[in-house]
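Colleague:
Residue numbers (the UniProt record's numbering): 1 to 343.
(1) Taking 8 Å as the cut-off, does the stretch 200 to 219 touch the stretch 69 to 76 (at least 3 CB pairs, one atom from each stretch)?
(2) Hey, how far is the Cα of residue 154 from the Cα of residue 196?
(3) If the criterion is Cβ atoms closer than 9 Å, does the pair residue 220 and residue 312 meet it?
(4) Determine the closest residue to residue 26 out of 92, 242, 135, with distance taken between C-alpha atoms.
(5) Give every residue of the same chain whose Cβ lies closer than 7 Å to the Cβ of residue 44, excluding the five residues on either side of it in the sequence, and list them in chain order.
(6) For the alpha helix (DSSP H) that residue 177 lies in, which residues bound it at each end?
(7) Comparing C-alpha positions only, which one of 68, 30, 61, 92 sits nearest to residue 257?
(8) Measuring CB atoms only, is the stretch 113 to 129 touching the stretch 154 to 169, in the sense that at least three cross pairs come out at less than 8 Å?
(9) Taking only beta-carbon atoms, is residue 322 less than 9 Å away from chain D?
(10) Tell me which residues share the same chain as residue 296 and place their Cβ nearer than 7 Å to its Cβ, disregarding the 5 neighbours each side in the sequence.
(11) Determine contact between the stretch 259 to 268 and the stretch 35 to 42, defined as no fewer than three beta-carbon pairs at a distance below 8 Å.
(12) Short of 6 Å in beta carbon distance, which residues of its chain neighbour residue 160, apart from the five on each side in sequence? Order them along the chain.
(13) What are the complete beta strand (DSSP E) segments, minimum 3 residues, inside the stretch 85 to 162?
(14) Could you give the C-beta distance for residue 243 and residue 93, rounded to a whole number, given that I count them as a contact under 8 Å?
(15) Can you tell me the Cβ-Cβ gap for residue 292 and residue 251, rounded? I've got them flagged as a contact below 8 Å.
(16) Three-state secondary structure (DSSP) at residue 313?
(17) Using DSSP with H/G/I as helix, E/B as strand and the rest coil, what is residue 220?
(18) Please state whether DSSP places residue 249 in a helix, a strand or coil.
(19) Report the CB separation of residue 285 from residue 318 in whole angstroms; it is logged as a contact under 8 Å.
(20) CB-CB under 7 Å to residue 223, same chain, minus the five flanking residues each way: which ones, in chain order?
(21) What is the residue span of the alpha helix (DSSP H) that residue 208 lies within?
(22) Taking C-beta to C-beta, are residue 175 and residue 138 nearer than 9 Å?
(23) Grab the span of the alpha helix (DSSP H) containing residue 262 for me, first residue to last.
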């Protein structure tokens, strides 16, 4: 059975990003405050100022919600944690992990939850030690060059990146810091921005491989359909294919897990008049509307909950869910349902 995992909030410091050391630490360390669930009569009894604060807290709650531990997330955490242990005493040829699938299928959530689990475990093993950096998280920029990727590592660590800094200096600085701070896991997102068919893409791949050989860490990548974009083709691709385990992510079929995801998202709602079980009865409609995409499902439910608070309806209905526009991919899945409605 899936379970809800706390997703540390950036509400107190929304400018923080996971691609900085400070932002990642906020992600790991913060615990979201879940507002108390009040009835409408209890809400009315609050003074006006307190009602306003309560509503603002509920709006903030629905913007961030909770991460639902899907089977893909659980599998990524298990496989990734195993690889970290297997690589602990490896001198070279360390094995890694690639999470690949369509946009909106939970790839970034899966690898960041793996990173969260790894860092919390590291903190338990080394209590009170603050100079460790167990996890690094970067994203590959569009049209990335090797220097740009090295600079992303440096920026995460807070190292100066000057115009005159050459790639060798950046790499040596990054390797030195991550070795000294006992880094164990490197998360590289947006891997699809690397194309091995171009010279720049090949150089980026070589740079990441060099990092993996110099730093005793486990590398975990995530990207959109990377196996279909030539990531495993050619000599360089063959090396990646021989060292990395692939975890594919897919839209969820309509079934037991999907029903469980809808039920858990409904349990996190904080609305005055919502009737429990409403979304459970709409789980097939939600699947058709979102195409089984967990990202679209979360967006639709959270968006409808925010609308319910802002409009004062304070409950989710099919009409309210319909009013939340979804991404283009989900809209294509929804076309058969829309035609049926018109008929």
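All residues carry an ideal CB built from backbone N, CA and C; glycine is no exception.
Modeller: According to the data block:
(1) no
(2) By 1-based counting over the chain shown, the position of residue 154 is 154. By 1-based counting over the chain shown, the position of residue 196 is 196. Put simply, the backbone Cα of residue 154 is about 23 Å away from that of residue 196.
(3) In the chain shown, counting from the first residue as 1, residue 220 sits at position 220. In the chain shown, counting from the first residue as 1, residue 312 sits at position 312. When the beta-carbon positions are compared, residue 220 and residue 312 stay at least 9 Å from each other.
(4) Here residue 26 is taken as the residue at index 26 of the chain shown, counted from 1. Ranking 92, 242, 135 by Cα distance to residue 26 puts 135 first.
(5) Here residue 44 refers to the residue found at position 44 when the chain shown is read from its first residue. So the list is empty, once near-sequence residues are dropped.
(6) Position 177 of the chain shown, counted from the start, is the residue given in the question as residue 177. Counting along the chain, the alpha helix (DSSP H) containing residue 177 begins and ends at 167 to 180.
(7) In the chain shown, counting from the first residue as 1, residue 257 sits at position 257. Cα-wise, what sits closest to residue 257 is 68.
(8) no
(9) The displayed structure is made up of one protein chain only, and chain D is not part of it.
(10) As a working note, residue 296 is residue 296 in the chain shown. Excluding sequence positions up to five before and after residue 296, its CB lies within less than 7 Å of the CB of 104, 290, 326, 327, 330, all in the same chain and listed in chain order.
(11) Taking a contact to require three or more Cβ pairs closer than 8 Å, the stretch 259 to 268 and the stretch 35 to 42 do not qualify as touching.
(12) Along the chain shown, one-based indexing puts residue 160 at 160. Counting only Cβ-Cβ distances below 6 Å, and skipping sequence neighbours, we find nothing.
(13) Runs of the beta strand (DSSP E) inside the stretch 85 to 162: 96 to 101, 135 to 139.
(14) Position 243 of the chain shown, counted from the start, is the residue given in the question as residue 243. Position 93 of the chain shown, counted from the start, is the residue given in the question as residue 93. At roughly 7 Å, the Cβ-Cβ gap stays under 8 Å, so residue 243 and residue 93 are in contact.
(15) What you label residue 292 is simply residue 292 of the chain shown in a count that begins at 1. What you label residue 251 is simply residue 251 of the chain shown in a count that begins at 1. Yes, they are in contact, since the Cβ atoms of residue 292 and residue 251 sit about 3 Å apart, within 8 Å.
(16) Within the chain shown, the letter at position 313 stands for residue 313. Reduced to three states, the DSSP call for residue 313 is coil.
(17) As a working mapping, residue 220 is identified with position 220 in the chain shown. Strand, per DSSP.
(18) Here residue 249 corresponds to residue number 249 of the chain shown, with the count starting at 1. Reduced to three states, the DSSP call for residue 249 is strand.
(19) For this step, residue 285 is matched to residue 285 along the chain shown. For this step, residue 318 is matched to residue 318 along the chain shown. Correct: roughly 7 Å between the Cβ atoms.
(20) For the purposes of this step, residue 223 is taken as residue 223 along the chain shown, with counting starting at 1. Apart from the 5 residues on each side of it in sequence, residue 223 sits with its Cβ closer than 7 Å to the Cβ of 100, 190, 191, 192 in its chain, given in chain order.
(21) As a first step, residue 208 is located in the chain shown; it is residue number 208 there, counting from the start. Run containing residue 208: 199 to 214, per the alpha helix (DSSP H) assignment.
(22) For the purposes of this step, residue 175 is identified with residue 175 of the chain shown, where counting begins at 1. For the purposes of this step, residue 138 is identified with residue 138 of the chain shown, where counting begins at 1. The answer is no: Cβ separation not under 9 Å.
(23) Taking the first residue of the chain shown as 1, we reach residue 262 at position 262. Run containing residue 262: 256 to 267, per the alpha helix (DSSP H) assignment.
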